[in-house]
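For reference, the structure discussed in these notes is given below.
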Amino acid sequence: MKKILLSAFATFCLIQAQTLDQIVQDALSNNYELKSIEKSIDLVNEQIKISQNWKDPVLSFGVNDIWFDRPFDRDNEAMQSQYIGLSQVVPITNKLDLQKDISHSDKKINEVFLEDKKLELKSKIYEYSYTIIVLEEKLKLLNKYELNINKLEKLFSALYKYQKADINEILNSKVSFENIKLKKQNLRNTIENFYLKLQQITFSKIENIQESINIQKINFSKVVSKHPKIKLLEQYIEKQNSISKYEKSKKYSDIKVNVAYFQRDSKFKDYANISLNIPLSINNTQDIKSISAKIKANEIKDKLENSKNNLQLQISILQNNLDTSVSNYDLIQKKVIPLQKKIQKNLENYNSFDKVKPTKSIENLNKLISYEIKALDEVQSYYENYSKLLYITKKDN
């Protein structure tokens, strides 16, 4: 019955477990920050639709030449009339097209920003998830460590009865046992917090992660021209250039056409007025704004080159860290741990001939576990750097 229950529990955990790909896909669908950016793209699309519309015409009604002593008499003189008028601003130059270009730039900026946030989210999910996986493995090792310390304490207690062990050895083993309990408690808290961090960015509760640990040397490309942070700066440059052209086009102001029909008393003929309003650009305000936008574009160009250089250097640093973690892990797994296992085997052989105290064997087992924990430290370092490289290089896992 016990085996059946354990099997059922294991099956339930497997069903509940999620792969990293599943977590990432769910997060991309559920993350509210991404949804907010998508809505801002929809908003810009609406702005693009109206960017080339003319200003709405203005309809006006009026009565002129009102006499205060006889305000309702409208036949006193020829200037008295009632009128209806229509005013329309008529755009000249290509400023409406340039307005549309600016709106398109805004849309591209939001799209690239969304791409960047998706990459960032994926990177964080990988970092948090692998941290959880590694910490859970460490917890298993600490459980083994605790078991060995417990055996050691019992052994010291038994030897103490025959005056073959010092009381301090028992006390030291008790201190070690409590210290392991403390480490386990802190580790459980850290694991729980990382699950909460994962929930914070995925908007779903993750209870178990089904992913294997497989560290190996991977060469990441240093080409950063397609990274969203680079494309974002390029779009800002394009927008500033469009703004510069738009401000320059405003120097030739739009013409306002006014048409009005005046109705007079029957003694006089009705008439119409047509007029044009042409603003005069005499203060060079538009030229100054155009030049300012150009300067801003050049400023962003410098920032663009700096960002490319920084991203490439970051890749080099993270790549070095990644390679070092792999080398250290291989050294511990292929050299140090096998040697420690060999020592353990020798201790067990000598112990059978009463040449070595049993305590030495248990202490060596704990050393072996500590090296396995060190190997996991390298795994954790590997995936921290790996996650950041996924973001910077846009590499698919």
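Just so you know, we're using the numbering used here here: the sequence shown kicks off at 13 and counts up by one. Ideal Cβ placement from N, Cα and C applies to all residues, glycine included.
Taking all protein chains in view, the Cβ of Ala90 is surrounded by fewer than 16 other Cβ atoms within 10 Å, so the residue is classified as exposed. Per the C-alpha coordinates, the member of Phe168, Ile203 and Arg200 positioned closest to Lys186 is Phe168. Contiguous beta strand (DSSP E) elements confined to the stretch 84-108 occur at 93-102, taking only those with 3 or more residues. Ile255 sits close to Ile114, with the two beta carbons spaced by under 8 Å. In summary, Ile329 is exposed, with fewer than 16 beta-carbon neighbours lying within 10 Å of its beta-carbon over all protein chains present. Apart from sequence neighbours up to five positions away, the residues of its chain that approach Pro291 with a beta-carbon distance below 7 Å are Ser265, ordered along the chain. Rounded to the nearest whole angstrom, the CA to CA distance from Asn106 to Ile312 is 26 Å.
Taking the CA atoms as reference points, Gln175 sits about 30 Å from Ile381.
Contact between Glu390 and Ser337 holds: CB atoms are separated by about 5 Å, below the 8 Å threshold. DSSP places Ile35 within a helical segment (H, G or I) once states are collapsed to three. Distances from the alpha-carbon of Ile213 to those of Asn76, Ile294, Lys129 and Ser287 put Lys129 closest. A direct Cα-Cα distance of roughly 10 Å separates Lys279 from Asn88. Sequence-distant Cβ neighbours of Gln211 in its own chain, meaning closer than 6 Å and more than five residues away, are Lys217. Within the same chain, Cβ atoms closer than 7 Å to the Cβ of Asp38 are found at Thr214 and Ser216, the five residues on either side in sequence being excluded. Secondary structure of Ala272 (DSSP, three-state): strand.
Between Ile355 and Asn378, the beta carbon gap of about 12 Å keeps them out of contact (Cβ cut-off 8 Å). By the beta-carbon neighbour count (other beta carbons within 10 angstroms, threshold 16), Ala170 is exposed.
Per DSSP, Leu288 is one residue of the beta strand (DSSP E) stretching across Tyr283 to Asn289.
Here the stretch 49-69 makes contact with the stretch 95-103; the two share three or more CB pairs at distances below 8 Å. Counting the other Cβ atoms within 10 Å of the Cβ of Glu384 gives 16 or more, which makes it buried.
Per DSSP, the continuous alpha helix (DSSP H) segment holding Phe206 begins and ends at Ile179 to Thr214. In this structure, Ile96 is the residue among Ala29, Ile96 and Glu45 with its C-alpha nearest to the C-alpha of Asp282. DSSP lists Val102 as the beta-bridge partner residues of Ile267. Distance from the CA atom of His239 to the CA atom of Tyr142, rounded to whole angstroms, is 24 Å. For Val236, no alpha helix (DSSP H) segment is defined, and its DSSP state is neither H nor E. Shown here for Phe125: same chain residues with a beta carbon closer than 8 Å to its own, the five before and five after excluded, namely Ile49, Pro240 and Leu244 in chain order. Residue range Val70 to Asn76 is occupied by the beta strand (DSSP E) that includes Leu71.
Around the beta carbon of Val36, a 10 Å sphere encloses 16 or more other beta carbons of the protein chains shown; the residue is thus reported as buried. Between Ile137 and Leu55, the CB-CB gap reaches or exceeds 8 Å.
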